[in-house]
Each structure stands twice: as C-alpha cells, then as structure tokens.
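Chains as they are written, first to last, in UniProt numbering: chain Z, 1 to 375; chain R, 1 to 249.
Written as structure tokens, this is what we have:
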C-alpha cells in the first residue's frame, strides 16, 4: 500500500523520535521497570497521545493509517512504551470521544489528548478475560451516586492513569445489557492499586491489579447510557487489535534490523556471516514476513479509516503479526548466536516484550474464533 | 523582521552512501532523503527567533527537484510560514544556489538569511559566504549563538581555538554550526497544518539566474578501506615507523 506524503512525514517523525529518544533507554527501563514519565510527556507534546482525537479537543486529528505507522515506529524504539501509547489512544481516548458527554470530554479528553492525563481501561477481571459478559464488579445506585466494588486484572497504566474507564454490572438480571461504563478519577477514595505484576517483558509499562472498594462516583460519571457498557467495551475492538498488530510489526522490525546489522559485521570463517547463505536466507525470510504483516495492518487500517467493516481483517492482522513477531525475534536471536541470548544486545528483550502481543486484546485463539466465524 | 531560511534535500544522514558503479556520483535512487541537518538547525533557529518575538515571518526556500517540496513541508511543519521551491532537476552547485538565493533575498527583503554552514552531501561550505558576497551583506558563519538587536545581530562563531563574537549590521547572512541548537521534532498538529501553508514553485529562468554548473565532477570513488592496525615490539620501532612510514614526526 502506498502512503501519502503527510503519512510519511508522520512516520519519519515518529521514527526519528523513537530512535533518538526511546531506543537508547529501553534496556535500562527494562532492567529497572522505571515508568517512562518524561518520555510520555514529550510524546504528549508531539501529539502522539491524542492522534485520533480531533483538533477541537486538543488532539492531532490524524487518520488511522498515520496512527498505525506511528505505533509501529514507537514500538521499534520501545515496545513497552508503545503499549502505553496504544492503550491510551485506542481504549483511553477513543471511547470518551465516541460516547462521552461534552462535560466529560472537556474534563478528561482535552487533558488526555495532550498526554497530561493518562487513561486506563478496566474491563478484565481475575476470572473474566475475553468473556466480558462474566463480569463480577458491581455498581449499585445510591441516590444520585453509584457505588462500585470489585477487582480488575492486568490493567495497563493502572497506577499512573488519571482516569480509569471501569466496567461494572448495574443490572445483574439483564446480562450483557446490564453492564455500564464509568469514568472514575483514580484519586477517588477506594480506587486501590493492589499489586503490580512482574512480567516477562514490557517491564516499564505498569500492569496493575486494581481493587475497587466502595468507590463512590456521581451518576454523571456514566459514559454513554447505563447499560451501554458492553457496547462501549466492544466498540473499538478492531482499532485496538490493529494497534497491537502494528506494535508487533515494529518490534519485529527492530529485532530484524539488529540481526541484519550484526550479520553484516560479525565474521566467521573469514567472511561476514551474512555472506553465509543460511544466515542470509533467514534474514530474507524475516524481512518478507514482516512486510506481509505490515501490509495486513495497513489494509485493516485503511478499511477502518474508510468506515468499512474490518473485524475479520483486524483479527487476521493481529493474529498474523503477533505470531510472526515471536518467530522473527527468535530468528533474530538465532542470528546473534550466544550473544542473542544475553542482554548485551536488544534482541532478547524484544523477544520478551513481543510475546504478550499474542495474548492481550484477545488471544491468538480468540482471533481464530473471530476469523472462523466470519469465513 | 522577516527571516529567509535555505534548506537542501540530501541523502539521509543514517544512510550509508554508495558510489554509483560508473563513478559519476553517489546512488540516490531508492535512498532515503531528508533535510540537511545543518539546515534543520537553521530552521529551528528561525522558529525560536519567531517564538521569542524577534521575527515576524519565516520564508523557507530550496533549490532542487520536485521532491524537495517534501523537505520544504518538513520545514513548514517545524514552524516556517511559507515556502518557495526553485525547481531545478540538474546538479546544483554552491555559486548557482547562492545566485538563486540572492534573487529571492532581493525579492523578499529579509532582515536575516540563515542557512546551514554546509550540506552533508558535498560538504562545500560555500553557499552562505557566496551569498553574502553577492548581496554585499555582512556574514556571520559557523554560528553557535545568534542574538538580534535593533538593526544589528550578534553572532558567536565557532573558530579554531575558541569562540569569536561579531556584531553584524542587518540585513545579514548567518550560517549555522552544530551547537547552535537542537532541532525539534515536528509535532503531529503542526505536520497536519503544514499542508495548508503556501508553497510557491518558481524556476531559475523566472528568477533570471543561471544555474549551469561551473565545476565538472571527474570521478567519484569510495574512500580506501581502513586497514587493520599493527603491534610494534618496542618504542624504537614505533618511532622509526612514525618517521619512515607514517611520516608524522
């Protein structure tokens, strides 16, 4: 797919920023789990945290293709930061933009679009992942307030977000239609970060368990209408999945480039190892797989930009790109030999960072389910 | 005060340049091109002067092929107000570019012309100096600090052995050195706005300028591959080699 001059300019800016400002500190952040507050502040200033939010709400107002190009580049610099960016844009800003009342947009979206406030998306629970209708968190009406109680699991930005979009059951007998979405400021009494997960990768991005202990919010904290929660939760599934697919491509690209450059300078038996056909062909396969995944991502993004259905295409892009990325990162390690397995080079970190792309925003198995039901 | 900034489209600094097989130049087909880094510093300085209220309008110009419009758009996204492309598909050389810039400077009447001290493709380091001479304006080259005042500009220059500050009468020509500033990344909202800013295309004939090259490139070759170092057995041997082989002492 050909991209426009403007899209290329956005990609190039994101690439330069990611290479110069994110990549150099990625290994250290992985080691220390330091939250990238300063990096996110810079990204907010550049418009990367409100890409799809229109200008009138302080966002950059770009199209979906520019968005996936930027996510890919940021992911190539630091996969963990691209997750924070992806969550914030696609399930932080997007639901408020689509379903929010003017006052909610004024209060949250304006600050979120420039990165002054981060968003978190609290759907998953310890016992309920992709099966969103099995939620146990309850919101009980009390006069002109709701009181929310429950636990939420694997919440990206859970500790650093200023606002959390919390899904809770308001009408237990109404099934999926009994779920409502609430905008909960994270400084509300009862909003507690119960634990931070120790993860295989993406360590500078906080993944929190959140306990909601009688969190009291006014009735106007409901996003959209009461009972609309399930619809809101599903509304940007495609956008989120395309974003994860783009992330996978970016991380795979970074691992590939590291392996290619290493193969050009490492010598064995008197020549650079890229002159050995076994190594050269492996690199050719890696580049080809990455490009195939990138085209799936861009195609799904183009469909979404045009307002066309893309449920299947988004799932295919996510499934293919995330599985491709693990394979490519593994091949990158293989290219480095023993040095690929130690942390002197970035490929072992990228391999760990990219693994979760097959899990979050719907596992590979769920993507296959979606695809198979749309054959 | 209006500022005129000149930018050049060059092979991206991250690209490892390759000499064409026939030795006529370097490969530019399918090679990433971007704004000359010294010119980025020039654009950044102009934008900072405008933000500080020292400048009112920034006009960015380039001499080059149609694709140089992309480079101009980048400058517009960084904060320049409008752009002029002197479209020219052939080789560009310092004197021709300086003449084109002189014609534009006479038309636009800027208080300051800022340009990179050199372009990273030919490393000529001549255009700014030639432009100042052609215009009969003062010049402050290799600037690491630029402070405009009423009718003058103080330019701190990076010279051998230290820094030199000169005060120039405006209008003047300033060429930028690396330490002048650190160019910003164009923000997404500004990239979106850049496409709405005016970009005028003119040609050399329209400006009454002759861009015909005055220099002929005979041959372009790769630099010799660096040979590996050697170990010497003694100080005497080292001194002998420095004398007879390296001929540095």
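Note that the Cβ used here is the ideal one computed from N, Cα and C, for glycine as well.
Think of a sphere of 9 Å around the beta carbon of residue 85 of chain R: no beta carbon from chain Z falls inside it, the nearest being about 14 Å out. For a Cβ distance threshold of 7 Å, residue set 45, 46, 47 of chain Z lies close to residue 187 of chain R, ordered along the chain.
Per the Cβ contact rule, the stretch 77-94 of chain Z is not in contact with the stretch 166-177 of chain Z (fewer than 3 Cβ pairs under 8 Å). The C-beta of residue 75 of chain Z has 16 or more other C-beta atoms within 10 Å across all chains shown, which makes the residue buried. Counting the other Cβ atoms within 10 Å of the Cβ of residue 284 of chain Z gives fewer than 16, which makes it exposed. Judged by DSSP in its simplified three-state form, residue 328 of chain Z adopts helix.
Residue 24 of chain R has its alpha-carbon roughly 7 Å from the corresponding atom of residue 217 of chain R. Taking C-beta atoms under 8 Å as the contact rule, residue 303 of chain Z and residue 368 of chain Z fail to qualify, at a distance of about 20 Å.
Chain Z places a beta carbon closer than 9 Å to that of residue 34 of chain R, counting this residue as a contact. Per DSSP, residue 167 of chain Z is one residue of the beta strand (DSSP E) stretching across 163-169.
The beta carbon of residue 70 of chain R falls within 9 Å of a beta carbon belonging to chain Z, placing the residue at that interface.
Linking residue 138 of chain R to residue 38 of chain R through their CA atoms gives a straight-line distance of about 20 Å. Along the stretch 96-107 of chain R, there is no position whose C-beta sits under 8 Å from a C-beta of chain Z.
In this structure, residue 204 of chain Z sits away from residue 317 of chain Z, with a CB-CB distance that is not shorter than 9 Å. Per the Cβ contact rule, the stretch 15-22 of chain Z is not in contact with the stretch 58-67 of chain Z (fewer than 3 Cβ pairs under 8 Å). As for any beta strand (DSSP E) of minimum length 3 sitting wholly inside the stretch 122-169 of chain R, the runs are 138-148, 152-159, 162-169, ordered along the chain. For the 9 Å CB-CB criterion, residue 72 of chain R and residue 84 of chain R form a contact. Taken atom to atom, the span from the alpha-carbon of residue 122 of chain R to that of residue 247 of chain R is near 29 Å. A contact between stretches requires three or more CB pairs, one per stretch, nearer than 8 Å, and the stretch 139-148 of chain Z meets this requirement with the stretch 205-215 of chain Z. Between the alpha carbons of residue 323 of chain Z and residue 68 of chain Z lies a gap of roughly 18 Å. In this structure, residue 169 of chain Z places its C-beta atom within 9 Å of the C-beta atom of residue 135 of chain Z. Chain order gives the chain R residues near residue 60 of chain Z as 188, 189, 192, where near means a beta carbon separation below 7 Å. The continuous alpha helix (DSSP H) containing residue 74 of chain R extends over residues 68-78. Counting along the chain, residue 86 of chain Z sits inside no beta strand (DSSP E); it lies in the alpha helix (DSSP H) bounded by residues 79-87.
Taking a contact to require three or more Cβ pairs closer than 8 Å, the stretch 166-182 of chain R and the stretch 118-133 of chain R qualify as touching.
Those residues of the stretch 132-156 of chain R placed with their C-beta closer than 9 Å to a C-beta in chain Z do not exist. For residue 209 of chain Z against residue 151 of chain Z, the beta-carbon gap comes to about 7 Å, under 8 Å, which counts as contact. Using a CB distance cut-off of 9 Å, residue 73 of chain R counts as an interface residue toward chain Z.
Residue 231 of chain R is outside the set of residues whose beta carbon lies under 9 Å from a beta carbon in chain Z. Comparing alpha-carbon positions, the option among R:15, R:188, R:242 lying closest to residue 114 of chain Z turns out to be R:188. DSSP places residue 248 of chain Z in the uninterrupted alpha helix (DSSP H) bounded by 237-265. Flagged as an interface residue toward chain R: residue 17 of chain Z, by a C-beta distance shorter than 9 Å. DSSP, reduced to helix, strand and coil, places residue 306 of chain Z outside both helices and strands of the structure shown, so it counts as coil. With a contact defined as Cβ atoms closer than 8 Å, residue 337 of chain Z and residue 348 of chain Z miss out at about 12 Å. Membership of residue 99 of chain Z in the alpha helix (DSSP H) is indicated by the continuous run 94-99. Taken atom to atom, the span from the alpha-carbon of residue 94 of chain R to that of residue 61 of chain R is near 15 Å.
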